[in-house]
Every structure is written in C-alpha cells, then in structure tokens.
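A.B. asks: Sharing a structure below in structure tokens format, with a few things to ask.
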DNA sequence: GTTAGCACTCTCACTCGTTGAGTGCTAACC
DNA sequence: GGTTAGCACTCAACGAGTGAGAGTGCTAAC
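Protein chains in written order, with my numbering: chain A, 2 to 340; chain B, 2 to 340.
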C-alpha cells in the first residue's frame with residue numbers, strides 16, 4: 002500500500018488541483034493538470050495519483066465523470082502548510098489600502114473592514130472587544146450656534162463619543178467651559194455606570210441645567226451600552242455575488258442574513274487564541290456556514306485585549322493572499338490601537 | 002369607440018390588477034380579478050375590459066396565454082392619482098423607526114437611510130446638498146489621555162467634524178482651552194478655505210504648536226472637501242434580493258454596482274423641484290435602471306437648500322406606502338436640519 | 001351590456017436521446 | 001515498477017419533443 006501514502010509528487014499535484022480550482026471554481030480534470038501545470042506527467046499518471054488522493058480523502062468527485070474537487074481536508078492541509086511555512090508573505094499594498102481618515106476607534110474599525118473587503122474582494126468583518134469599566138477622562142461642552150452645544154465625553158482608553166444637546170442661549174463659550182471643568186472635576190475617573198448614578202443626585206442640586214445633565218446621562222448610558230458589548234462591523238457584504246458558488250440568490254440571501262446577526266458574526270470571528278486562524282466549512286461551528294470559510298487574524302488593542310479582523314467567503318478561497326492581506330491590516334490596527 | 006375610453010369601471014379594474022401584481026409579481030388573470038376583488042363581474046367581462054385596457058396601453062401581456070401585467074403608463078396613472086389625491090396617508094410608524102442617536106449631519110443622513118430601508122424593505126438613498134462657504138463657528142481642543150487631544154470644528158450650519166491630534170504632554174485642559182479660545186477668536190467666521198490659507202501664515206509665527214495647526218489644516222481641508230460635494234448614502238442595498246425580479250444574480254449585481262457609483266446615484270435622486278417625485282422605468286433617464294422605479298421626496302436643509310430621500314426598487318412597488326414612509330422621514334429631516 | 005362555453009395559444013415541467021468530458025482499467029512500454 | 005496509450009464506460013448538460021394547465025378571444029345566448 003505504498004502508493005496510499007502522501008508523497009511529494011502527490012502533494013504537488015494536490016496543490017495544482019487546489020490552485021486551479023480556486024481559480025476556476027470548476028472540477029479539475031487530469032488532463033488539465035498534466036497540461037496547464039508543468040508536471041511532465043501524462044494525464045493517465047495524474048489520474049492514478051488523483052485516484053489515490055481521492056482514497057486518501059483529499060479529493061472528491063461531484064459525480065463520476067466530472068473532474069475532482071478539493072475536499073475540506075485538502076484545504077486544511079494547504080492552509081496548514083501555508084501557516085507553518087513561517088512568515089506570511091508581506092503585503093504592503095494592503096496596508097496602503099488602509100490609509101483613511103481616522104476619527105475614533107469605531108471609524109478605524111469600519112475603515113479597516115472597507116479596506117479589507119476592497120482589497121480581497123471578499124466580505125470582511127472586524128470585531129472590537131468589549132471594554133468594561135470605561136472611566137471618564139474629560140467631559141467638555143463645545144459651543145454651537147443657536148443655543149446648542151456639542152457634548153463630548155472622552156474615556157481613559159481614548160474612546161470618544163459626542164452628542165448635540167440644547168443649552169440656555171445665555172451660556173457663552175467661557176460659561177460652557179466653566180461647566181465643563183466643573184463636570185470633569187467631579188466625574189473624572191468615574192466609570193460610566195457611576196456617572197449615570199451620580200447624575201440623579203446632581204439634578205436635584207442644580208435644577209437649572211437639567212438639560213445638560215440629562216444629555217450627559219444619556220450619552221454615558223449609550224457609551225456604556227455600546228462598550229459593554231463587543232462591536233462588529235461588516236464591509237463589502239455583497240462581494241459574494243462575484244463568486245459562482247453564490248449564483249443562487251437564495252444562498253446569497255442566506256449568507257447576507259447571517260451577516261446581519263451580530264451575535265452569529267461574533268461567534269464566527271472570536272474564539273481562537275492564535276494570531277491567525279482558518280476555519281473551513283463545518284469547522285466554523287455554524288451549520289448555515291457549512292460551505293464557507295472564515296479566515297481571522299487577531300490584533301492587539303490596549304493591554305492584552307484583542308480584537309479580530311476576518312474574511313468570510315466560499316471554501317474555495319486564495320487563503321494565502323487573504324491571510325497576508327489580513328495580517329497586514331491586523332498589524333496596522335495593532336499599531337494604531339495597541340499602544 | 003366608446004369602450005375605448007377610460008371609465009370608472011376600467012379604472013377600478015386597472016387598480017385591482019396593479020394591486021394584485023404589486024402583491025404577487027405574477028401576471029394577473031381575469032378570473033383572479035373577478036374572484037379576489039369584489040367586482041360583481043364575471044371573468045368574461047373583466048376579460049373584455051382588460052382587452053380594452055391593453056389597447057389603451059395600460060396593460061401588457063408577457064405572452065398570449067399569460068395574464069396581464071401593468072405597463073409603465075399604468076403605474077404612472079396610479080401614481081399620479083396617488084399624488085393628486087392630496088395629502089399622503091400619514092405614517093407615524095415610519096417616523097418612529099427613525100428615532101436613533103443623532104450625532105451630526107452625516108449621522109442623521111445615514112440613520113435616515115437605514116430607517117427607510119428597514120421600514121420599506123427597499124433600498125433607500127439619502128442625499129445631502131453640498132454646502133459651500135461653510136464658516137467656522139467654534140474650534141475647540143478637548144484633552145485626551147497620553148498627549149492627545151480631540152480637535153473639534155463646528156461650523157455656522159452646525160456641522161461637526163473632529164479628529165485626534167497629538168499635542169505636547171505639558172498642555173493641560175486650561176492650556177488647551179486657552180489655545181482654543183485664541184484660535185476660535187481668530188478663525189471664527191472664516192470659511193474653511195480661508196482657514197487653510199491662514200494656517201500657513203500662523204505656522205511661521207508659532208512654531209511650537211505646528212502639530213496643532215497642521216491638524217486643523219487637515220481637518221479643515223477634509224471638511225471643505227466633504228462639504229463641497231453632495232454627499233449621498235445608501236441603506237439596505239441588499240433588500241432587492243427579496244424581490245423576484247432580481248432572482249437573477251446578474252441583475253442584482255448590476256443594480257448593486259450602480260449603487261456604488263455616487264455620481265449615478267445623485268443623478269437618480271436629484272432633479273425635480275417638486276416635493277415628491279416618482280420616476281418609473283425609463284423616466285429615470287438611466288438605461289441600466291430601465292426596469293426600476295425611483296421615488297424621491299425632498300426635505301429642507303438650511304435656508305432654501307434641499308436634499309432628497311429616495312427609494313429605489315422594481316417598477317412593481319407599493320408606491321403609496323413607500324411615498325408615505327418617505328414623506329414621514331422627509332418631514333423629520335426637515336424638522337431636524339431645516340431651521 | 002353581461003355571461004357561459006369552447007377552441008386556441010403558449011409557457012412550464014418533464015422526459016428522453018445525444019453529446020462530450022472525464023474517469024477506470026488493461027495492456028504495452030521503458 | 002513506474003509510466004503511458006487506448007478504450008469502454010458513466011453521467012451531467014443540452015436540446016428537442018410532449019402533455020398539462022392557465023388564460024385568452026370569440027361567439028352565441030341571456
């Protein structure tokens with residue numbers, strides 16, 4: 002049974018089949034391999050090898066007289082080789098794609114998702130870990146025309162959130178600054194939860210500026226809510242329509258509807274502790290994604306926390322280039338958010 | 002030839018056909034009308050009327066033994082009646098859908114697009130008119146941890162933009178406020194263009210805070226760029242997959258790719274001076290949208306300027322409910338942005 | 001003016017050959 | 001023993017042919 006073990010030639014052939022299938026999305030025949038890929042072997046020999054590879058579980062036939070299609074096990078092997086091969090191919094291009102305006106953490110995340118999806122032509126997902134116990138660092142009111150003011154809350158982690166509130170028209174910039182100072186002094190270092198609680202007490206003391214206090218309370222509540230849950234962003238969701246495996250509208254719709262369920266998305270992305278992770282088909286642990294692959298790369302944000310950037314697409318995916326694009330963006334995110 | 006003119010009964014039948022077609026997307030037969038809609042007429046009579054309606058150009062037959070399908074002319078009549086019928090049906094629900102967080106103009110726009118698409122289940126597009134000559138109202142630096150500061154620019158129209166810049170760690174909140182005051186004093190009332198020009202001069206005078214000035218210049222440039230062009234946002238783009246007319250992936254892709262071209266989108270939306278506008282098929286003036294309809298409602302923003310909210314979908318569309326949803330959101334937008 | 005009845009048309013779904021790609025196997029070859 | 005040529009075989013994809021069903025148009029009766 003010597004021929005039923007993997008050898009170098011089998012691996013070469015298998016790789017050629019995977020490459021061709023990734024390219025064409027069509028079952029690959031023995032003739033194709035012997036001609037398009039310079040193996041120096043005839044189609045008959047390739048056929049024998051393919052037959053062995055099928056028995057080994059690396060190939061499958063959609064039907065008897067079609068070519069072969071790589072199995073999940075084949076993708077797994079391919080990816081493992083890719084990952085064990087040490088450093089991923091660098092990809093400065095991908096990084097270049099990601100040089101957008103950067104406003105606050107959320108913007109970084111969405112730009113990253115956009116950049117990845119544009120670059121890879123797949124659907125990109127970026128996830129931010131939840132941040133509990135956010136503490137207020139600064140609280141400031143910026144004057145706006147017509148009795149409005151922009152309330153800005155900055156946390157110790159650098160998260161920014163703001164909202165427009167109405168204030169008495171008699172308050173000028175200096176007055177607003179004085180209020181800001183006072184508020185910052187009292188609220189600095191408090192968690193968002195504490196802020197909400199404290200405002201109840203204050204509102205009795207200083208009835209006049211109830212509007213301001215209410216605005217703060219609302220914004221703090223909103224920030225707390227948002228930061229307490231992991232947040233996740235999708236980019237390029239309709240890129241899947243470019244791939245023949247989704248030429249059935251129903252499939253495309255099923256795919257897109259999963260993307261709208263944040264919980265599922267997060268389940269898809271998070272989990273692994275490794276820097277890179279490729280989950281193929283059922284490995285995603287989600288039945289409805291049984292013929293998709295998820296490639297994720299983690300990035301550092303703050304001390305020890307980490308988020309994930311990922312790509313979701315058909316199992317037939319150029320894992321190498323996707324991984325290198327992802328790790329480029331992951332690196333950029335670590336640089337920007339890691340400190 | 003009396004029977005070849007439109008009469009009340011023909012209109013009633015036509016309306017029933019349109020309603021049924023909007024509901025089912027299937028050619029409507031005479032029997033269906035005589036049974037599902039309480040006309041008190043037999044299918045044969047309906048058939049005669051349908052034949053007349055076809056001759057009048059309101060109906061078409063995909064093939065001889067299929068039912069009838071409303072023509073563009075029929076939709077046009079239907080919509081015209083709807084519009085001339087005076088006030089649109091109010092739609093408080095739609096307005097409720099649109100009660101989200103509101104940060105700055107852009108956020109309002111995107112929330113509006115989201116709300117409309119979620120409510121109507123069609124693709125929504127919202128457009129903001131360009132705002133030239135934006136003048137600085139306030140400019141403020143908000144302290145952030147670790148030598149960073151949030152630079153906020155507020156314009157006279159209430160547009161807000163911010164960015165994180167690096168500043169000397171020695172500057173505390175009061176120092177930043179002092180700088181903010183100084184900057185506001187000098188730049189208030191200037192247009193964004195002027196601000197950019199003036200900063201060149203300043204940077205020579207006060208070398209120390211070159212970073213701050215550069216940050217301002219960049220942000221001003223960005224604001225100017227963004228506000229000088231009309232901006233447009235899409236929501237619920239993949240809602241079209243819900244409709245059988247797009248069960249062909251190629252059509253869906255063509256549709257989605259138009260949505261990505263901002264210029265085309267703007268051409269689709271803008272134009273009419275009326276408050277409501279329904280363009281059916283070729284009336285959109287865009288060949289690739291020949292079997293889509295575009296429904297737009299305008300809203301006021303600032304003095305005289307107006308933007309548009311719209312829905313894009315198949316010609317078979319419940320124009321009535323779409324219009325009322327749009328005008329509800331349009332009203333809300335006018336309230337929020339109009340002043 | 002309205003309706004019942006009937007012949008007619010055309011799509012849709014299904015079946016049935018035909019075609020062609022690709023395999024598996026065997027026998028010859030190096 | 002490994003490699004290759006040749007050939008029979010299989011099965012999806014395509015096209016033509018067929019029957020059923022939906023819906024019409026027309027005519028004649030009410």
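Every residue gets a Cβ at the ideal spot worked out from N, C-alpha and C, and that includes glycine.
With which residues is residue 152/A paired in a DSSP beta bridge?
C.D. replies: Against the first chain, residue 152/A aligns to sequence position 151. DSSP lists 142/A and 164/A as partners of residue 152/A.
A.B. asks: Which residues in the same chain have their Cβ closer than 6 Å to the Cβ of residue 276/A, if we skip the five residues on either side of it in sequence?
C.D. replies: Here residue 276/A refers to the residue found at position 275 of the first chain. So the qualifying residues of the chain are 299.
A.B. asks: When you compare each of 226/A, 130/A, 77/A and 219/A to residue 305/A by their alpha carbons, which one comes out closest?
C.D. replies: Counting from 1 along the first chain, the entry for residue 305/A is found at position 304. For the set 226/A, 130/A, 77/A and 219/A, the Cα lying nearest the Cα of residue 305/A is the one of 130/A.
A.B. asks: For residue 102/A, which of helix, strand or coil comes out of DSSP?
C.D. replies: Position 101 of the first chain holds residue 102/A. Because residue 102/A carries a pLDDT of 43, less than 50, the predicted location of this residue cannot be relied on, and the following value inherits that uncertainty. Residue state, collapsed to three classes: coil.
A.B. asks: Can you pull the chain A neighbours of residue 139/B, defined as C-beta to C-beta under 9 Å?
C.D. replies: Taking the first residue of the second chain as position 1, residue 139/B is located at position 138. What residue 139/B touches in chain A: 143, 144, 145, 146, 151 and 174.
A.B. asks: Output yes or no for whether 8 Å exceeds the beta carbon distance between residue 313/A and residue 124/A.
C.D. replies: Counting from one through the first chain, the residue named residue 313/A turns up at place 312. Counting from one through the first chain, the residue named residue 124/A turns up at place 123. Between residue 313/A and residue 124/A, the gap from beta carbon to beta carbon is short of 8 Å.
A.B. asks: Rounded to whole angstroms, what's the CA-CA distance from residue 70/A to residue 270/A? Just pull it up for me.
C.D. replies: Within the first chain, numbered from 1, the residue matching residue 70/A stands at position 69. Within the first chain, numbered from 1, the residue matching residue 270/A stands at position 269. So the two alpha carbons sit approximately 27 Å from each other.
A.B. asks: Quick one: Cα of residue 293/A to Cα of residue 293/B, how far?
C.D. replies: Here residue 293/A refers to the residue found at position 292 when the first chain is read from its first residue. Here residue 293/B refers to the residue found at position 292 when the second chain is read from its first residue. Their backbone Cα atoms lie some 32 Å apart in a straight line.
A.B. asks: Would you report the Cα separation of residue 59/B and residue 11/B, rounded to the nearest angstrom?
C.D. replies: Taking the second chain and counting its residues from 1, one reaches residue 59/B at position 58. Taking the second chain and counting its residues from 1, one reaches residue 11/B at position 10. So the two alpha carbons sit approximately 10 Å from each other.
A.B. asks: Just to confirm my understanding: we take residue 77/A, look at its own chain, exclude 5 residues before and 5 after, and list those with CB closer than 7 Å. What are they?
C.D. replies: Taking the first residue of the first chain as position 1, residue 77/A is located at position 76. Answer for residue 77/A: 281, listed in chain order.
A.B. asks: Using a cut-off of 9 Å between C-beta atoms, extract the partners of residue 182/B located in chain A.
C.D. replies: Against the second chain, residue 182/B aligns to sequence position 181. In chain order: 174, 175 and 178.
A.B. asks: With DSSP as the reference, please indicate the residues paired to residue 226/A in a beta bridge.
C.D. replies: Here residue 226/A is taken as the residue at index 225 of the first chain, counted from 1. The partner list for residue 226/A (beta bridge, DSSP) is empty, contrary to what the question assumes.
A.B. asks: Could you tell me whether the stretch 186-195 of chain A touches the stretch 167-187 of chain B, where touching means 3 or more Cβ pairs closer than 8 Å?
C.D. replies: no
A.B. asks: 8 Å is my cut-off, CB to CB: does residue 254/B come that close to chain A?
C.D. replies: Residue numbering aside, residue 254/B sits at position 253 when the second chain is read from its first letter. Put simply, the CB of residue 254/B is near chain A, with a gap under 8 Å to one of its CB atoms.
A.B. asks: Counting only runs of 4+ residues fully inside the stretch 35-65 of chain B, write out the alpha helix (DSSP H) ranges in chain order.
C.D. replies: 44-56
A.B. asks: Please determine if the stretch 109-119 of chain A and the stretch 153-173 of chain A are in contact, where contact requires at least 3 C-beta pairs separated by less than 8 Å.
C.D. replies: no
A.B. asks: For the alpha helix (DSSP H) that contains residue 300/A, what are its first and last residues?
C.D. replies: The count along the first chain starts at 1 and reaches residue 300/A at position 299. Taken as a continuous stretch (DSSP letters only), residue 300/A belongs to no alpha helix (DSSP H), being part of the beta strand (DSSP E) at 293-301.
A.B. asks: Looking only at its own chain, which residues have a Cβ that is under 8 Å from the Cβ of residue 219/A, when we skip the five neighbours before and after it?
C.D. replies: In the first chain, the residue the question calls residue 219/A occupies position 218. 164, listed in sequence order.
A.B. asks: Measure the alpha-carbon distance for residue 102/B versus residue 230/B and round it to whole angstroms.
C.D. replies: As a working note, residue 102/B is residue 101 in the second chain. As a working note, residue 230/B is residue 229 in the second chain. In this predicted model, residue 102/B has a pLDDT of only 43, less than 50, meaning its place in the structure is not dependable; the value taken from the coordinates is given anyway. Near 25 Å, if we compare the C-alpha coordinates of residue 230/B and residue 102/B.
A.B. asks: With DSSP run on the structure shown, which of helix, strand or coil describes residue 112/A?
C.D. replies: Here residue 112/A refers to the residue found at position 111 of the first chain. Residue 112/A: helix per DSSP, three-state reduction.
A.B. asks: To which residues of the same chain is residue 138/B closer than 7 Å at the C-beta, ignoring the five residues directly before and after it?
C.D. replies: Your numbering for residue 138/B matches position 137 in the second chain. The answer, listed in chain order, is 155, 156, 157 and 189.
A.B. asks: Could you name the residues that DSSP lists as bridge partners for residue 192/B?
C.D. replies: Looking up residue 192/B in the second chain gives position 191. Paired residues: 136/B.
A.B. asks: Could you confirm whether any beta carbon from chain B is found closer than 8 Å to the beta carbon of residue 159/A?
C.D. replies: Counted from its first residue, the first chain places residue 159/A at position 158. With 8 Å as the cut-off, residue 159/A counts as an interface residue toward chain B.
A.B. asks: Taking the alpha-carbon of residue 36/B as reference, which of 9/B, 21/B and 173/B has the nearest alpha-carbon?
C.D. replies: Locating residue 36/B in the second chain gives position 35, counting from the first residue. Ranking 9/B, 21/B and 173/B by Cα distance to residue 36/B puts 21/B first.
A.B. asks: CA-CA distance, residue 68/A and residue 262/B?
C.D. replies: For the purposes of this step, residue 68/A is identified with residue 67 of the first chain, where counting begins at 1. For the purposes of this step, residue 262/B is identified with residue 261 of the second chain, where counting begins at 1. Spanning the two alpha carbons is a distance of roughly 40 Å.
A.B. asks: Spell out the partners DSSP gives residue 234/A in its beta bridges.
C.D. replies: Along the first chain, read from residue 1 onward, the residue named residue 234/A stands at position 233. BP columns for residue 234/A point to 127/A.
A.B. asks: Determine whether the Cβ of residue 135/B lies closer than 8 Å to any Cβ atom of chain A.
C.D. replies: The residue you call residue 135/B lines up with position 134 of the second chain. At a cut-off of 8 Å, the C-beta of residue 135/B has no neighbouring C-beta in chain A.
A.B. asks: Please list the residues of the stretch 225-252 of chain B that have a C-beta atom closer than 8 Å to any C-beta atom in chain A, keeping them in chain order.
C.D. replies: 238, 239, 242, 243, 247, 248, 249 and 250
A.B. asks: Under 8 Å between the Cβ atoms of residue 234/A and residue 273/A?
C.D. replies: Looking up residue 234/A in the first chain gives position 233. Looking up residue 273/A in the first chain gives position 272. Contact annotation: residue 234/A and residue 273/A have beta-carbon atoms that are not nearer than 8 Å.
A.B. asks: Bridge partners for residue 308/B per DSSP, in chain order?
C.D. replies: For the purposes of this step, residue 308/B is identified with residue 307 of the second chain, where counting begins at 1. The partner list for residue 308/B (beta bridge, DSSP) reads 300/B.
A.B. asks: Note down the Cα distance separating residue 72/A from residue 29/A, rounded to an integer number of angstroms.
C.D. replies: To locate residue 72/A, count along the first chain from 1; it is residue 71. To locate residue 29/A, count along the first chain from 1; it is residue 28. About 12 Å.
A.B. asks: Pull up the distance between the alpha-carbon of residue 91/B and that of residue 217/A, whole angstroms please.
C.D. replies: Translated into the one-based positions of the second chain, residue 91/B becomes position 90. Translated into the one-based positions of the first chain, residue 217/A becomes position 216. Each residue's alpha carbon lies about 34 Å from the other.
A.B. asks: Whose Cβ in chain B lies nearer than 7 Å to the Cβ of residue 155/A?
C.D. replies: As a working mapping, residue 155/A is identified with position 154 in the first chain. 143, 145 and 151, listed in chain order.
A.B. asks: DSSP three-state call for residue 273/A: helix, strand or coil?
C.D. replies: As a first step, residue 273/A is located in the first chain; it is residue number 272 there, counting from the start. In the structure shown, residue 273/A sits in coil (DSSP, three-state: anything other than H, G, I, E or B).
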